[in-house]
Each structure stands twice: as C-alpha cells, then as structure tokens.
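Residue numbers (the numbering used here): 16 to 300.
Beta carbons are placed, not taken as given, at the ideal position from N, Cα and C, and that holds for glycine.
Inspection log for the structure reproduced underneath, given as structure tokens.
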C-alpha cells in the first residue's frame, strides 16, 4: 500500500495525533473526518507502525478498550509527519453530484433499460466502427495499425467480437462513438459529457521462460500475451479505468459495468476543466 500522492491541500497531522484519535473513537469515524476510507486509514496506521484497535473493539467494554499498547517510535523521523490527501472525500462528493446531474441520470436510466450486452459468434454485420478502418484487418508493415487493438494475432478475433458487443451496447445506451487519430494510429473514442475517452483492448502480458540447447537452464524470453484480455478506458492525460478478465470471469461477462464506469472519469475531467482557474488548480500546475 502506498501513500496517496502529495497534495498541496492535504491534511497534515502527526503519528501521535492519529494514534490518539483511532483509540478514542471508531476508525471509520476518524477516516470520514479526514475524507478517506476506513480501510485506507487502517493501512496507513499499519504502514507507519501506529497501533490501532480492530474494527470490533468498539463493541466491547471500556476496560478492554483502555488497555491500548504504547506508540512505538518511528523508524524514520520524517515519518512522524503524515500528509493525508482529501482525494477520497472529493471522490465521494463527486459521486453525490453525479447522482444529482440530470444528464448523468438520463445515461444511467438508459443503461438500466437497455438490453444486456451480447457477444456474437460472428463478425458478419459487425458494428460500423469495427468494420471500417484498420480494425477490419488491414495491416501496415505486418501489424494492425489501430491504437484500440493491441492484441496478439491468435486472440484478435475474440477481441473484435468483444468490441462489437461493446460498441453496439454503448450505441443503444446513447453514447457518442467516434474514431480519432492517436500516437499509434486511429483509435476508438467514446464521448461522455463532451469528454473523449479512448478505448483500448490488449493482452495482459506475462513473462515467458524458455530453454535452449545453446544455453543451460531457463531464461527470460520477454513478455507475451496469453489470451488474457484487458479493456482500458482512458481520458488523455487524466483518469482511466481497466477491466481485466479472470479464470472464472471472462471479459465478455464484465461489459455490463462499462457504461456506468465511463461516467465518473468524464465527470472528473469536466470538473477539472471547469475549475482550471481555481487557486488549487493553479498550485498543481
């Protein structure tokens, strides 16, 4: 677990102060005051060697609660000061504003009423953005020249079928789909609240070990895709979301969560752009 990025508006406290607070009231209540989650604050205590009660301690007697261990010294004097970012709290506030936004409410209502995503077994009659341009199979110097498709050849057809289902579903839910040029060629873009979010499907790369008669033992042969697909949605220079398949749940079964998950990074980008002239934004430049 890593500390949140250093924020100029972060709350500055000390190990001793946080130690006293987590033993005087429940951890989740302390976390809410700092604008972070209880789990994150508990991990921060563990990382900085701050003894804390377990989550069930506050249901026990005052006598048990009073027997708290002493605060050990910090391994590094610099760790005595803690910087706790408000980003978690800001995210909760943004989610609340999203629930009250009529345009977002409309998109969510369309998502709830739309038919489930369906991955077909054929590319015949696929979505126009799958059929047009480099996604239809045209190659440049032996490689598919499309920023949205970074998948090895054996798994390329499956990725196209998933893209076809995703784009059809997003069309039905009222999202604006486009093709835009990028650093690696043209790519698929979905516009949400006026913010363009790039869609990329790629292999989850894993290290490959091989043997050779020319050298003893096993050696690292680089990174290869093994058919474990990922779907990335990214605001250029901003927030991103990633969906990875697991042995028990393929990427086909995860498409239902994509529409609602696209809205939050778009809303964050809208608010960042709107507040570009605020004192906090100017400090971050």
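A straight-line Cα-Cα distance of about 11 angstroms links residue 166 and residue 246.
Close CB contacts of residue 211 within its chain, under the 8 angstroms cut and outside five residues either way in sequence, are with 193, 195, 204, 205, 250, 251 (chain order). Using a Cβ distance threshold of 8 angstroms, residue 286 and residue 254 do not count as a contacting pair.
In the same chain as residue 176, and ignoring 5 residues on each side of it, the C-beta atoms closer than 6 angstroms to its own belong to 134, in chain order.
DSSP links residue 245 through a beta bridge to 217, 259. A residue is called buried when at least 16 other Cβ atoms come within 10 angstroms of its Cβ; residue 142 meets this threshold and is buried.
In this structure, the CA atom of residue 268 is about 47 angstroms from the CA atom of residue 91. When the five nearest sequence neighbours on each side are left out, the beta carbons in the same chain lying within less than 7 angstroms of the beta carbon of residue 67 are those of 37, 42, 57, 60, in order along the chain. Boundaries cannot be given for residue 270, as no alpha helix (DSSP H) includes it and DSSP labels it neither H nor E.
In the pairwise beta carbon analysis, the region 113-120 is classified as not touching the region 169-183: fewer than three pairs are separated by under 8 angstroms. Exclusion of the five residues before and after residue 109 leaves 279, 282, 283, 286 as the residues of its chain whose Cβ lies within less than 8 angstroms of its Cβ. According to DSSP, residue pairing for residue 133 in a beta bridge does not occur.
In the displayed model, residue 177 falls within a helix according to three-state DSSP. When the five nearest sequence neighbours on each side are left out, the beta carbons in the same chain lying within less than 6 angstroms of the beta carbon of residue 256 are those of 248, 276, in order along the chain. Within the same chain, 202, 204, 249 come within 6 angstroms of residue 213 by CB-CB distance, once the 5 residues on both sides are set aside. Within its own chain, the residues whose Cβ lies closer than 8 angstroms to the Cβ of residue 29, once the five positions on either side in sequence are excluded, are 95, 96, 97, listed in chain order.
A direct Cα-to-Cα measurement between residue 46 and residue 86 gives close to 19 angstroms. Annotated three-state conformation of residue 275 is helix, per DSSP. Bridge pairing for residue 96: 29 [DSSP].
Residue 182 sits in a helix when the DSSP states are folded into three classes. Relative to residue 127, the option among 136, 164, 146, 185 whose CA is nearest is 185. Per DSSP, the beta-bridge partners of residue 212 are 205. Under DSSP, residue 195 shares a beta bridge with 202. Residue 216 counts as buried, since at least 16 other C-beta atoms from the protein chains shown sit within 10 angstroms of its C-beta.
Taking residue 273 as reference, the option from 125, 181, 244 with the minimal CA-CA separation is 181. Here residue 218 is buried: its Cβ has 16 or more other Cβ atoms, across all protein chains shown, within 10 Å. A residue is called buried when at least 16 other Cβ atoms come within 10 angstroms of its Cβ; residue 136 does not meet this threshold and is exposed. Burial check for residue 31: the Cβ neighbour count within 10 Å stays below 16, so the residue is exposed.
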